[in-house]
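Student: Quick one: this structure, given as structure tokens, is what I'll be asking you about.
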Amino acid sequence: MVRGNLIFNHVRETTDHGNVNIWDRGPYISDIGYVKDDDATPRSLKPTALELMAGATPGFRLQSGSGKGAVSNGSATGQYRRFESNFFLGVYNVITNVETDDGTSRTLQYNNYYVYADAATDFALRNAQWQYFVNNVHAYAPMIMRGWGGAPANCHIYNSTFYMLGASALCTSSYNGLNISFEDNIVHLASNDTATAAKAAKLGGCPGGGADGITLAPPAAAATITAAAKAALGAYPKPYGG
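When we follow my numbering, the leftmost residue of the sequence shown carries the number 51, and every step to the right adds one.
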């Protein structure tokens, strides 16, 4: 769990990084046995931010043994990484503030505020799975989704707000994975000429062709963006020291 932090990036060597970089290149074995939840419903696979705060693990459940006093049989499936109520500033050429690199699986990012990046999200990498972006605010990135290959699966962005920078295609990748969704998001374009800006945004490149996932809006004032960020972040989740 990464919660309640103000995070700047400090990498200076390339643009291929984020404030946080994640890889899933090593084996994982644990006595905490998370397994696929074969009884998951479509509703449970799209938890709200409040449900994620309460501990929802979409698509997975804790395995239990049989009989009295039974314990989990263990698992090679890693637990979800959680990023909650963080303020990220990508002030030095980050690709995304949280870069889910090379097969990263099972991250939950909710109630965060992301400022500056080459792209708001970056889950369409090699074999990335079970990436969730829920109720976040993204400000000043020219793109929403980008990636460089592979077949991502079960990756979802919903109930989030984007304040775009410039006039670029919003989604730049093939997005040929299984069960990729972009739903119920508000996108503030960088121009009041929304018709021209929407054409430049090439909404058809986003999952679902952008038909259901995007509500377009004009640019917003800085004070409006700040208010949206405060609403997403909520109260500071850690007690202040005396």
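Glycine included, C-beta positions come from ideal geometry on N, C-alpha and C. Here the structure is a predicted model, which means the values were calculated and not measured.
Spatial neighbours of Pro-92 within its chain, please: CB distance less than 6 Å, with the 5 preceding and 5 following residues excluded, ordered by chain position.
Tutor: Correct list: empty, nothing qualifies.
Student: In this structure, does DSSP put Ala-248 in helix, strand or coil?
Tutor: Helix at Ala-248.
Student: Pick from Trp-180, Lys-252, Pro-268: whose alpha carbon is nearest that of Ala-203?
Tutor: Of the listed residues, the one whose Cα sits closest to Ala-203 is Trp-180.
Student: Using a threshold of 8 Å, is the CB atom of Val-184 nearer than that to any non-hydrogen atom of the ligand MG?
Tutor: Inclusion of the ligand MG in the displayed structure is not the case, the ligand content being empty and no account of it being possible.
Student: Using the rule of at least 16 other Cβ atoms within 10 Å of the residue's Cβ for burial, across every protein chain shown, is Ala-36 buried or exposed?
Tutor: Outside the shown range of the chain (51 to 292) lies residue 36, about which nothing can therefore be said.
Student: Give the secondary structure of Met-51 by DSSP, where H, G and I count as helix, E and B as strand, and everything else as coil.
Tutor: Met-51: coil per DSSP, three-state reduction.
Student: Among the residues of its own chain, which have a CB less than 6 Å from the CB of Gly-117, if the five just before and after it don't count?
Tutor: Bear in mind that a pLDDT of 49 at Gly-117, under 50, signals an unreliable position, so the model cannot answer this.
Student: How should Phe-58 be labelled, buried or exposed, when 16 other C-beta atoms within 10 angstroms of its C-beta is the threshold for buried?
Tutor: Exposed is the call here.
Student: Out of Asp-243, Ala-189, Ile-236, which one is the CA nearest neighbour of Phe-137?
Tutor: The candidate whose alpha carbon is nearest that of Phe-137 is Ala-189.
Student: For a test of the three-state rule: what should DSSP assign to Ile-145, helix, strand or coil?
Tutor: Here Ile-145 sits in coil by DSSP.
Student: Take the Cβ of Val-237 as the centre, count every other Cβ of all protein chains shown within 10 Å, and call the residue buried at 16 or more, exposed below.
Tutor: Looking at its Cβ environment, which holds 16 or more other Cβ atoms inside 10 Å, Val-237 is buried.
Student: Do Ile-207 and Asn-235 come within 9 Å of each other at the CB atom, strictly closer than that value?
Tutor: Yes; because the gap between Cβ atoms is below 9 Å, this pair is in contact.
Student: DSSP three-state call for Ile-72: helix, strand or coil?
Tutor: Residue state, collapsed to three classes: strand.
Student: Closest to Val-85 by CA distance: which of Glu-101, Thr-127, His-60, Met-51 is it?
Tutor: Of the candidates Glu-101, Thr-127, His-60, Met-51, the one whose C-alpha sits nearest the C-alpha of Val-85 is Thr-127.
Student: According to DSSP, is Ala-285 helix, strand or coil?
Tutor: Coil at Ala-285, not helix or strand.
Student: Nearest to Cys-221 by CA position, among Glu-134, Pro-257, Asn-143, is which residue?
Tutor: Checking every option, the nearest Cα to that of Cys-221 belongs to Pro-257.
Student: Can you find the residues in the same chain that come closer than 7 Å, C-beta to C-beta, to Leu-102, ignoring five residues on each side of it along the sequence?
Tutor: Once the five neighbours on either side are set aside, the close Cβ partners of Leu-102 are Leu-158, Tyr-160, Val-184.
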